[in-house]
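Everything below concerns the one structure shown next.
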Amino acid sequence: MAKEDAEPRMGRPRSQRFNSLFSEDEFGDDHPDAPPANGGSSWSDKDTSLHPPVPDAFSGSSPGTLSDSMEGTSATSPLSPTIKAGWLDKNPPQGSYIYQKRWVKLDADYLRYFDSEKDTYSKRLIPVSSISRVSSIGDQKFEVVTNNRNFVFRAENDADRKEWIRSLQQIAEERKSKAPERTLMSLAADSATELADKSGFLELRGFKHKLFVVVVGDKVFLYKNAEDYQQKIGITYIEMNVGNVKEVDRRGFDLTTPYRIFSFCADSEQEKEEWVEAMQQSITEALSNSEVAERIWAVESNRFCADCGSPKPDWASINLCVVICKRCAGEHRGLGPGITKVRSLKMDRKVWTEELIELFQKFGNMMANEFWAANVPPSEAISPTSSSQERRRFVIAKYREGKYRHYHPLFGNQEELDRALCAAVTTSDLAETQALLFCGASVTCDTRDPQCPTPLALAERSGQRLQMEFLLHNKTSEPPRLERMCSEEKPYSVHLPSITHSGFLYKTPSMVKPISERKGPEEFSRRWCTLQDGVLSYYENDRNTVPNGEIRVEEIVCLVNNPAHAHGIENTFEVYTEADRLYLFGLESSDSAREWLKSIAKSFVHPRAEELLALDFERLGRLHYKGGLTLERAQEGWFALVGSTLHVCSEDGRRQEPLQLRKLQELSIQGDHEVLVLVERRRTLYIQGERKLDFLGWVHAIQKAAGSSGDTLSEQQMTESDVPLLVDRCIDYITQCGLTSEGIYRKSGQNSRTTSLLEMLQRDARRVCLKEGEHQVDDVANTLKRFFRDLGDGLFTRRWASEWLWATTLEDEETKVGKYQQLLAALPPVNRATLKALINHLFRVQCFSGENQMSTHNLAIVFGPTLFQTDGKDYKAGRVVEDLISHYVEIFNVNDQEMKKQQDEITAIMKMREASSSGTQQAGDFICTVYLEEKKTETEQHVKIPATMTAEELIFEILDRRKIAVKEKDYWSCFEVNEREEAERPLHYSEKVLPILHCLGTESYLVVKKQVSMENMLIYLASRVGDCKHGMMKFREERNLLGLGLSTGFHDRYFILNHSWLRLYKEVRSHKPEKEWPVRNLKVYLGIKKKLRAPTCWGFTVFYENEKHEKQQWYLCCDTQADMREWFATFLQVQNGGALWPSERPKMRVVRPQQDARLGNISLIPLRGNESEMRNSVAAFATDPLTLLRNV
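Residue numbers for the sequence shown follow the working numbering, beginning at 56 and rising by one.
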């Protein structure tokens, strides 16, 4: 027994409890009251165990190894159940006679003790696998003996002690009995520490001594020192599925959990970044989805790495069809995508289609290794403990050189290989296809069949889905070659040019997340860099021969040229790789930086896109996209961003018309940040996010380029006609809502609202929708004036402004008009188009001068100083504006057709205003078709919908027309029915109908009918306690845009709904929600499309739209009809402040104006579209009700 565990012979000492993460016997130096450590302490006793104690979940490793810690650590793995727990007295620390009272827990993996039963993090953990003996030593005490360490506990009575001893002996025996089964590998002690993702010393705030910290899988372990790490006696571990890492300062970072904040400090900034990166990767692994992995691991051979044999490998090469561990995956990436395409089983969810999963299930590591590892000498095989150098050597020999493969009998005969491949792909023999393909057969060989010119087409005709999948992933794969020729290591079917360049570059450590702040000069290190034979290498200096690191050019996916002075080094550029890593380089000389950029770009850009190299690009790279007529599959293209222009070169080498990003009609992100949608007038482009890091960079760069970048006209977001979108939005709103507003442009709006609106429009005018009621006419008018007053260089430009003012002195009108035309032609195109749009608008405004009191002269007084940015003392500015309005037709060459169109619009607006003032048409009223009980011609009702009408008022309107009496407990409701989604939504009785009509699509309509489940919902709400609802439902996300990504079907998820949030959890025990949505942004419909084959018929279709107008859609399915009613009732209650149904129906109906007799029983067309279209329709209807029908 260790000295500290010896029992003092002075009677039974009392127990005392301490409150800290570490007890005094464990970290006495950090507590002022702790006794000094003399001789050996419980921290310094030796033990021959090796690794962090983590649960065994796999039979295939020796006990007590770190491979144990790699098992069972998935976020989806259930926690080991507690076998026994209770209070015990812990033996006193060195030099003390006071026992420590501890809460002790035993599960299948650990014996741990805590300060109290409420603590999450233990003070000590002892792996069950290291316990060799448990014995009674008298006076209610028992001893737990490990290899080199003893722990003494004291129970309250003999019965409790016997129960503890029995439980410990039983679990220890069970663990030992499993040991013989773990025969796959036996890890060596000297290389054990290599299996940790990250290990080393860190300072933990509040303690004098550094702790030894180890990141393994989805856990972080804390040890007192490296010796304890080797002995496997730990302090505690942190489950990273509830963790969050945040950088605090140059060397400090916090690991935050719901139970405690761990404030760490590293030795250097680079060390800190490496720790943060390792912990973030651990969090990612903890939160990853293991569904795909579990399905692939169902095959016995897939449970171990195909290369080294490590258990539970969670990476794969999707073209070689091998499942590999994380460390081997790193070496695979070094071979390049032309040889092996590495993807994660847990994180790259969109890659794993049903066909690819089936391919791995049928293939398996066993079949793959029968080919690739048929002749591996035992001396060259690797194990889980092999070093990185050994792995690299083995992986290169196995896959790049094909050194161990089983050669096909036709090897060397290209013609026979191709012929055999064409025959094999029409069968289900995947092993034959593999052998042929990786012994030299060409995946694009000529089949001599005109209808099926390639093996892929033959497989498709034969219905061989898995053969097709295998061929698709090997379209660009290269067969192994024993000769190591760098030029043949490219992933392309043609040779890339060999570029050579060298020199000193400043470099920061590589990163796995976007750069969020400016890097100072002290963060860069000077490195000698060479670009040669397709490899960018960086060395400590120009005398070193071994590089610190290297980047293969075929792995480069994006190159970014940063603006000058973006970081502490004057000129910097970024390199992104397929492994989702970012490298930042810099130089002081702009010419040298340009040379490096040019050389790197030439080395990794395919020759088919070489014309992009001539551009002065800010960002250049390859992305997957859909567009044009090829929407059935994504294709790879090369993209170059130059200013606000995006150049695209397709995979067949054709350069497409550049996209003018400031003229986009829509720019949005769809499908959980996986697809960037760019909509122009004539085309739509869908850019797919294959890799997270460079895709985020592209998204931010395109969003920035598509926004306004300055205060001049040319730097604004534009319409197709080169008018700033801000100007177009304001003009359109005032045309619709303010032409008859008295004193328009003369009255000032509220300054704060004007400032706020101008900022929103300048930030992103695409996302701003000006609506009547939400925005005041005078505020919008003031915003337009302020924009022109603050415009950089002015509308007339500084160069020509004086010429415009001088032209007013010309007495001859014809000469003056001619001069104005010359000056107009001299303006930049954007200024010219904007001036025409503005004067056209003012021309319309003065047409209503009888109502708005703004004649041409009055408008000129207001806009003259604004447009010329003067103080108003120079009358000539007003004269210019007055002349432009008066001679609008002549100066801007407006033809008769254009003039007639404008006159028609003005006439329609005037008639609408006349109808409104005479009472024949209420302003804002719309006419729509509402059905009674079901959608039939005979049930149609055409109702005038005022802006203030509620759903309850609409219901009474319909029931009154049909003279239907409302009985007690008749819950008549108005439903919005979506035929395309096969779902319906009851409107809340207080909900305004008009906004619903504005949003209705062509496949939606309103129907009034009884809500049969309302009574049951009201009873449920009245009987329950609280306003929260939680429970299991089946969840399915809508497929991503255009079918991209993995359709995962319905899966059980745990939901919590409260008054503000709907949260989704992976399972009941999960601490952190996978997703959460604000309730106010949800629209919940009853019903699910039949084609989705929902597991039950009781479900919802849910739509979500955030403040940025980004939309999502998903489906929820309940087990019973009662469950569905309860969930839906809770949704309605929390969204409507608890009022599900009016307490009593109003006895007096709201009096509405009588329906216009002219309407008769005509079936009117429901009015939809944007506000402009609807207002035009209303104006036309006010003139002639049959107008709409004539155009049908």
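Glycine included, C-beta positions come from ideal geometry on N, C-alpha and C.
- Task: Give the straight-line distance between the Cα atoms of tryptophan 1153 and histidine 1085, rounded to the nearest whole angstrom.
- Result: Walking along the sequence shown from the start, residue 1153 turns up at place 1098. Walking along the sequence shown from the start, residue 1085 turns up at place 1030. About 17 Å.
- Task: Have a look at Glu643, Tyr454, Ala496 and Phe694 and flag the residue whose alpha-carbon is nearest the alpha-carbon of glutamate 666.
- Result: Taking the sequence shown and counting its residues from 1, the one referred to as residue 666 is at position 611. The shortest Cα separation from glutamate 666 among Glu643, Tyr454, Ala496 and Phe694 belongs to Phe694.
- Query: Secondary structure at glutamate 566, three-state DSSP: helix, strand or coil?
  - Reply: Position 511 of the sequence shown, counted from the first residue, corresponds to residue 566. Residue 566 is actually methionine in this sequence, not glutamate. Strand at methionine 566.
- Query: Applying the criterion that 16 or more other CB atoms from any shown protein chain within 10 Å of the CB defines a buried residue, is valine 1123 buried or exposed?
  - Reply: Counted from its first residue, the sequence shown places residue 1123 at position 1068. Valine 1123 is classed as exposed because its beta carbon has fewer than 16 other beta carbons within 10 Å across all chains shown.
- Query: Any idea which residues DSSP pairs phenylalanine 1183 with across the strands?
  - Reply: Translated into the one-based positions of the sequence shown, residue 1183 becomes position 1128. According to DSSP, residue pairing for phenylalanine 1183 in a beta bridge does not occur.
- Message: Measuring straight from C-alpha to C-alpha, what distance separates asparagine 1216 and proline 1001?
- Response: Walking along the sequence shown from the start, residue 1216 turns up at place 1161. Walking along the sequence shown from the start, residue 1001 turns up at place 946. Per-residue confidence for asparagine 1216 stands at a pLDDT of 34, beneath the threshold of 50, marking its modelled position as unreliable; the derived number appears in the next sentence. Computed Cα separation, rounded: 20 Å.
- Query: Does the distance from the C-beta atom of aspartate 187 to that of threonine 201 stay below 9 Å?
  - Reply: Here residue 187 is taken as the residue at index 132 of the sequence shown, counted from 1. Here residue 201 is taken as the residue at index 146 of the sequence shown, counted from 1. Correcting the residue type first, residue 187 is serine in the shown sequence and not aspartate. Yes; because the gap between Cβ atoms is below 9 Å, this pair is in contact.
- Output the distance between the C-alpha atoms of lysine 139 and serine 254, rounded to the nearest integer angstrom. Your numbering for residue 139 matches position 84 in the sequence shown. Your numbering for residue 254 matches position 199 in the sequence shown. A direct Cα-to-Cα measurement between lysine 139 and serine 254 gives close to 32 Å.
- What does a CB cutoff of less than 7 Å around arginine 844 pick up in its chain, not counting 5 residues either side in sequence? Here residue 844 refers to the residue found at position 789 of the sequence shown. Contacts found: Thr921 and Gln924.
- Query: Under three-state DSSP, which class holds tryptophan 427?
  - Reply: The residue given as residue 427 occupies position 372 in the sequence shown. The answer is helix: DSSP assigns tryptophan 427 an H, G or I state.
- Query: What is the C-beta distance between glutamine 506 and valine 480, in whole angstroms, given that I count them as a contact (C-beta under 8 Å)?
  - Reply: For the purposes of this step, residue 506 is taken as residue 451 along the sequence shown, with counting starting at 1. For the purposes of this step, residue 480 is taken as residue 425 along the sequence shown, with counting starting at 1. With a Cβ gap of about 15 Å, glutamine 506 and valine 480 do not count as contacting.
- Task: Determine whether the Cβ of cysteine 320 lies closer than 9 Å to any Cβ atom of chain D.
- Result: The structure shown contains no chain D; it is built from a single protein chain.
- Touching by the beta-carbon criterion (3+ pairs, under 8 Å), the stretch 763-770 and the stretch 881-888: A contact exists between the stretch 763-770 and the stretch 881-888.
- If you draw a straight line from the C-alpha of aspartate 504 to the C-alpha of serine 497, how long is it? Reading the sequence shown from its first residue, position 449 is the one you call residue 504. Reading the sequence shown from its first residue, position 442 is the one you call residue 497. So the alpha carbons of these two residues sit roughly 16 Å apart.
- From Gly495, Gly558, Thr555 and Pro508, pick the residue whose C-alpha is nearest to that of asparagine 529; which is it? Sequence index remark: in the sequence shown, residue 529 carries index 474 (1-based). Its Cα nearest to that of asparagine 529, the residue Gly495 stands out among Gly495, Gly558, Thr555 and Pro508.
- Drop a sphere of 10 angstroms on the beta-carbon of isoleucine 1074, count the other beta-carbons inside from all chains shown, and report buried for 16 or more, exposed for fewer. Locating residue 1074 in the sequence shown gives position 1019, where the first residue counts as 1. Label assigned to isoleucine 1074: exposed.
- Cβ-Cβ distance between isoleucine 724 and valine 732 below 9 Å: Taking the sequence shown and counting its residues from 1, one reaches residue 724 at position 669. Taking the sequence shown and counting its residues from 1, one reaches residue 732 at position 677. Yes, these two residues count as a Cβ contact at 9 Å.
- Task: Measure the C-alpha to C-alpha separation of glutamate 81 and lysine 178 and round it to an integer number of angstroms.
- Result: Counting from one through the sequence shown, the residue named residue 81 turns up at place 26. Counting from one through the sequence shown, the residue named residue 178 turns up at place 123. Its pLDDT being 44, under 50, glutamate 81 is placed unreliably in this model, and the value from its coordinates should be taken loosely. Cα to Cα, glutamate 81 sits roughly 8 Å from lysine 178.
- Between the stretch 480-494 and the stretch 507-521, do at least 3 Cβ pairs fall closer than 8 Å? With contact defined as three or more Cβ pairs closer than 8 Å, the stretch 480-494 and the stretch 507-521 are in contact.
- Pull up the distance between the alpha-carbon of serine 114 and that of asparagine 599, whole angstroms please. Against the sequence shown, residue 114 aligns to sequence position 59. Against the sequence shown, residue 599 aligns to sequence position 544. The predicted model places serine 114 with a pLDDT of 32, which falls under 50 and marks its position as unreliable; any figure quoted below should be read in that light. Distance between the alpha carbons of serine 114 and asparagine 599 is about 46 Å.
- Environment of threonine 408 [buried if 16+ CB atoms lie within 10 Å]: Taking the first residue of the sequence shown as 1, we reach residue 408 at position 353. Exposed.
- Would aspartate 304 pass as a contact of phenylalanine 319 if the rule is Cβ separation under 9 Å? As a working note, residue 304 is residue 249 in the sequence shown. As a working note, residue 319 is residue 264 in the sequence shown. Contact: no.
- Under 9 Å between C-beta atoms of asparagine 913 and leucine 794: What you label residue 913 is simply residue 858 of the sequence shown in a count that begins at 1. What you label residue 794 is simply residue 739 of the sequence shown in a count that begins at 1. The Cβ-Cβ distance between asparagine 913 and leucine 794 does not fall below 9 Å.
- Inter-residue Cα distance where the pair is arginine 738 and glutamine 817: Residue mapping note: residue 738 aligns to position 683 of the sequence shown, counting from 1. Residue mapping note: residue 817 aligns to position 762 of the sequence shown, counting from 1. For arginine 738 and glutamine 817, the gap between their C-alpha atoms comes out near 25 Å.
- Going by DSSP, name the residue or residues bridged to lysine 301. On the sequence shown, position 246 is the one that residue 301 refers to. Lysine 301 pairs with Asp309.
- For methionine 422, three-class secondary structure by DSSP: Within the sequence shown, the letter at position 367 stands for residue 422. In the three-state DSSP reduction, methionine 422 falls in the helix class (H, G or I).
- Task: Given a cut-off of 9 Å, decide if alanine 341 and glutamate 294 are closer than it, judged by their beta-carbon atoms.
- Result: Residue numbering aside, residue 294 sits at position 239 when the sequence shown is read from its first letter. Residue numbering aside, residue 341 sits at position 286 when the sequence shown is read from its first letter. Remark: C-beta atoms of glutamate 294 and alanine 341 approach each other more closely than 9 Å.
- Would you list the one or two residues that DSSP bridges to valine 207? Stepping through the sequence shown from its first residue, residue 207 is reached at position 152. For valine 207, which the question treats as bridged, DSSP gives the partners Glu198.
- Exposed unless 16 or more other CB atoms sit within 10 angstroms - verdict on isoleucine 799: In the sequence shown, the residue the question calls residue 799 occupies position 744. So isoleucine 799 ends up on the buried side.
- Message: Check this for me: beta carbons of glutamine 285 and arginine 204, under 9 Å apart or not?
- Response: Taking the sequence shown and counting its residues from 1, one reaches residue 285 at position 230. Taking the sequence shown and counting its residues from 1, one reaches residue 204 at position 149. Remark: C-beta atoms of glutamine 285 and arginine 204 do not approach each other more closely than 9 Å.
- Query: How about serine 337 and aspartate 273: do their beta carbons lie closer than 9 Å?
  - Reply: Along the sequence shown, one-based indexing puts residue 337 at 282. Along the sequence shown, one-based indexing puts residue 273 at 218. Contact flag set, yes.
- Message: Going by the DSSP bridge assignment, what does arginine 188 pair with across the sheet?
- Response: In the sequence shown, the residue the question calls residue 188 occupies position 133. As DSSP reads the structure, arginine 188 sits in a beta bridge with Val200.
- Query: Could you give the C-beta distance for alanine 281 and phenylalanine 267, rounded to a whole number, given that I count them as a contact under 8 Å?
  - Reply: Here residue 281 corresponds to residue number 226 of the sequence shown, with the count starting at 1. Here residue 267 corresponds to residue number 212 of the sequence shown, with the count starting at 1. The Cβ separation is near 5 Å, so the contact holds.
- Message: Classify leucine 846: buried if its beta carbon has 16 or more other beta carbons within 10 angstroms, exposed otherwise.
- Response: One-based indexing of the sequence shown puts residue 846 at position 791. With 16 or more other Cβ atoms within 10 Å, it is buried.
- Message: Since leucine 1049 and methionine 1087 should fall inside the 8 Å C-beta cutoff, what is the C-beta to C-beta distance between them, to a whole number of angstroms?
- Response: To locate residue 1049, count along the sequence shown from 1; it is residue 994. To locate residue 1087, count along the sequence shown from 1; it is residue 1032. For a cut-off of 8 Å, the C-beta gap from leucine 1049 to methionine 1087 is around 39 Å, too long to register as a contact.
- Report the rounded CA-to-CA distance for valine 601 versus alanine 428, giving the unit in angstroms. If you number the sequence shown from 1, residue 601 lands on position 546. If you number the sequence shown from 1, residue 428 lands on position 373. Rounded to the nearest whole angstrom, the CA to CA distance from valine 601 to alanine 428 is 31 Å.
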